[in-house]
Every structure is written in C-alpha cells, then in structure tokens.
Amino acid sequence: MKNKKIYKCRRIKTIGGVLVKMRCRPPTVALLLIAFFMFAFITIPFETANGSVDSARAALEKWVETRRIISKEKLEFELAKEMLSERIELLGREIETVRKKNSEIEASITEADKKRAEMFEENEKLKKASTTLSATVIELETRTKELLKKLPDPIRGRVKPLSQRLSENQEDTKLSLGERFQNIIGILNEVNKFNGEISVVSEVHGLPDGNHVEATSLYIGIGQSYFVNGNCDKAGLGIASQDGWIWRPANEHAAAIAKAIAILKNETAAAFVQLPIEIQ
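Here the working numbering is used: position 184 in the sequence shown is 178, and no number is missing along the way.
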C-alpha cells in the first residue's frame, strides 16, 4: 500500500477575516490558478450580465500588486524590526558598559578623595614639623655662630666655607632646612675632629707691646694652646673666652713649650713635659 502524502497549504485570509488551514494533495499549478481565478471572479462585481474580463483582470492585477507590496513591506518591516532589536541590544550593552565605567570612575574618585584627604593631613603634619624644625635650626645656627667666635683661628679657617653659608637673616634665607642642617652638622663634625687632635701650626702672634712675632703653635683640641717663637724667648698660652680665642704671655714656659713641639714633630725623643693649664 502506497503512502499518501499530505501537504500543509499556506495560511489563507478568507473573506470573513478568519485564518484557516487546509490539507490537500499536491495540486498542479494550473488547478491552483483556476481555483484562484474562480474565487476572484466570484468576489469581483460584474459590470454587465456577461461580466467584464478586462475589469476582472485589472482588479486581479491590482490585488496581486497589493499583495506584493504588502509582502515587501512586511519583509522590510521584519528586517527593520530585527535590525532595531539588534540595535537595542547593542545599545543595552553599551549602556551597561558605560554604567560599569561610571561605577569604576566613582570608585576611583572616592579613592582619590580619600588619598587627597590623607595627603592634606600629611601636609598639615609636615607644616607643623617644618615650623618646629625651622625654630630648631635657627637656634642651632645661633649657637654655632657663638661657638665659632670662641674657636682658635686654625679651626675657624677650616670651617670657613661652611660657616659663610650660615644665614645672616635667619627668617629670610634661600637655603632649605636640609641645607642649613647640613651646614651645621658639617661645622660641628670638623670642630669635633679638631678637638680630638693635637695640632702644630705656624702662626703670627701679637705681643703685649704691640709687636708681632712668628711662632709655632701647639693646639690641644679646642681646650688649650701654646706658642713659642724661634728664639724660645717669647711664649704664650691660649684659651677660649666669650670674646674669642685669647693669648696670654707665658715666656717662663717657652723652653717647655718648645720641647713639647719638638717631640710632636719627631725632632727629639719622647719625654714627659710639664705645661701650664688654665681651666675656666
């Protein structure tokens, strides 16, 4: 027994406006056209008793053209609808991306505000610390200048490049706090180094009678110093004072001072030498 094929016909809009489905065997093209023409002739009003083939043909052509236009517009509508849906979906994704970026920007702004507040707080602390350090460096510069006045000439000459950088007007200076602290530290380091040494230098010293004499000076740090001339008849004792390094005559100790200097210069054997000391 051969299988009978059943075909689904396309949906047809009837005169009553009801969509119906029909099952039919595969009709030939000719039968479909005949049925269609019969339907068209039934629905088209006749102008005369014999009918008007031309009017029917024109009406049919108009109907076909109308259906074609409707199909075309429907297709265009479906395409436009699909494109619009895709566009809406794309815009939705873009909106979501923008929202995500806005959230990230807001979080970044919040973090930036937080860091700015922290930096502002840190800046205020630094300002307070700077004020404190400024007062400290002014005090240290003042004390360092007072110390330099009391030092002997050799060490004052050694630190002169640094001492010249000390601010005369401490409230109005182009040097930074760091540079000012470096100057002070540099001066104090050199003074401390000199204070731990026994130095022998050649100098010109003034005498009480107004004359000057070339002499060799012996400095024991910044605590005590001595000088003696080449003839060993003029000698002096040097100490620090509020008015600077002062020298006092000590001619009676000229021989002892000369012997101590000779020992330091390796010109004679080491020996115990008694020298005068003045303590304030």
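Ideal placement from N, C-alpha and C gives every residue a C-beta, glycine not left out.
Using only the alpha-carbon positions, how far apart do residue i and residue j sit?
i: Ser157; j: Arg174; result: 10 Å
i: Ile149; j: Thr262; result: 27 Å
i: Glu162; j: Thr130; result: 16 Å
i: Pro146; j: Phe221; result: 13 Å
i: Glu90; j: Glu83; result: 11 Å
i: Ser235; j: Phe114; result: 49 Å
i: Ala265; j: Gln274; result: 27 Å
i: Asn96; j: Glu116; result: 30 Å
i: Lys75; j: Glu55; result: 29 Å
i: Lys68; j: Arg93; result: 36 Å
i: Ile257; j: Leu160; result: 39 Å
i: Glu72; j: Thr60; result: 18 Å
i: Glu105; j: Leu78; result: 40 Å
If you reduce the DSSP assignment to three classes, tell me which class residue i lands in.
i: Gly230; result: strand
i: Glu246; result: helix
i: Ala263; result: coil
i: Glu162; result: coil
i: Val153; result: coil
i: Glu197; result: strand
i: Ile240; result: strand
i: Ile82; result: helix
i: Ile192; result: strand
Kindly indicate which residue of the options has the alpha-carbon position closest to the one of residue i.
i: Pro270; options: Ala249, Leu169, Leu258; result: Ala249
i: Asn205; options: Asn223, Asn183, Val58; result: Asn223
i: Asp227; options: Gly217, Glu55, Asn245; result: Asn245
i: Lys144; options: Pro202, Ser128, Arg62, Trp241; result: Trp241
i: Glu140; options: Gly238, Lys121, Thr167, Glu115; result: Gly238
i: Thr126; options: Leu171, Glu272, Glu55; result: Leu171
i: Ile233; options: Ala50, Glu272, Pro155; result: Glu272
i: Lys154; options: Val185, Asp166, Ser128, Ser124; result: Val185
i: Pro202; options: Asn183, Gln218, Ser219, Ala229; result: Ala229
i: Leu142; options: Asp166, Ile251, Asn183, Lys109; result: Asn183
Hey, is residue i close to the ligand MG, as in C-beta under 6 Å from one of its heavy atoms?
i: Thr126; result: As far as ligands go, the structure on display features none, and thus does not contain the ligand MG.
Since residue i is in the beta strand (DSSP E), which residue starts that stretch and which ends it?
i: Thr210; result: 206 to 214
i: Asn223; result: 218 to 223
From what residue to what residue does the alpha helix (DSSP H) around residue i run?
i: Gln176; result: 171 to 189
Should residue i be flagged as near chain C, meaning a C-beta pair shorter than 7 Å?
i: Thr130; result: In the structure shown, chain C cannot be found, because there is only a single protein chain.
Give a yes or no on contact between the region 126 to 138 and the region 176 to 193, applying the rule of three or more CB pairs nearer than 8 Å.
yes
Are three or more beta carbon pairs between the region 189 to 200 and the region 209 to 218 nearer than 8 Å?
yes
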